[in-house]
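There are 2 protein chains.
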Amino acid sequence: MDHRIPDASDLGHLIRDARKAQGLTQDELAGMTGTGRRFISELENGKETSQLGKVLLVLGALGIALYALSKWK
Amino acid sequence: MDHRIPDASDLGHLIRDARKAQGLTQDELAGMTGTGRRFISELENGKETSQLGKVLLVLGALGIALYALSKWK
DNA sequence: AACAAATGTTCCCCATCGGTAACAAAACAG
DNA sequence: CTGTTTTGTTACCGATGGGGAACATTTGTT
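Protein sequence lines, in the order shown, are assigned to chains A and D. Just so it is clear: in the first sequence, position 36 is 50 by our numbering, and no numbers are missing. Just so it is clear: in the second sequence, position 63 is 77 by our numbering, and no numbers are missing.
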């Protein structure tokens, strides 16, 4: 299924749902992505200042692909 | 058109292309999003540590919608 | 080639990210 | 209800994001 991501909290919810659907704890996801449990917790709660690269790492680890829809290219 | 965004540099290229297609300078885009020209420059060049919220602001200003494609929900 | 505009890059510097660890509060299982 | 697991939150702290401004470099125009 695909979800529009207008802001950080939408992404957070999506990540939380995907993680739970795969039976992972925040700790495990943090370990898989070389981040910390705190980062995952804050990300899932919609923190605006999470760093892009780490966010993409987490998405990748969860098998979530990101798409940009633009009229320009 | 839609583009897969596997990492920060892909997003950077996409943003640059969209900005140019709309005839905007980095300075103008920075102004529209309340960021700085330096932020835009680094973002377009694929900086991994750009902050999520500001990135989403820039995408919004350019009329680019983000979608997450997951098998889990 | 010459001038202008746009972008890249550096410096100064304050604010804050995020790792680890510890504790509190929730959510669950039996 | 009780013990356990998971998650939220805080403190500590080294590292760095990013704003503004100045300068260097590239790109574009004529």
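By construction, the Cβ of each residue, glycine as well, lies at the ideal position given by its N, Cα and C atoms.
Legend entry - residue 38(D) (DSSP reduced to helix, strand or coil): Of the three classes helix, strand and coil, the one that applies to residue 38(D) here is coil, per DSSP.
Legend entry - Secondary structure of residue 83(D), DSSP reduced to three states: Shown here, residue 83(D) sits in a strand according to DSSP, grouped into three states.
Inset, instruction - With DSSP as the reference, label residue 21(A) as helix, strand or coil. - result: The answer is coil: DSSP assigns residue 21(A) none of H, G, I, E or B.
Inset, instruction - Could you tell me which residues DSSP puts in a beta bridge with residue 16(A)? - result: Looking at the DSSP output, residue 16(A) bridges to 83(D).
Inset, instruction - Note down the Cα distance separating residue 72(A) from residue 39(A), rounded to an integer number of angstroms. - result: Whole-angstrom Cα-Cα distance: 13 Å.
Legend entry - Contact the region 46–59 of chain D vs the region 20–30 of chain D: 3+ CB pairs below 8 Å: Three or more Cβ pairs closer than 8 Å define a contact, and the region 46–59 of chain D meets that threshold against the region 20–30 of chain D.
Inset, instruction - Alpha carbon to alpha carbon, how far is residue 34(D) from residue 70(A)? Give it in angstroms, no decimals. - result: Roughly 25 Å between the two C-alpha positions.
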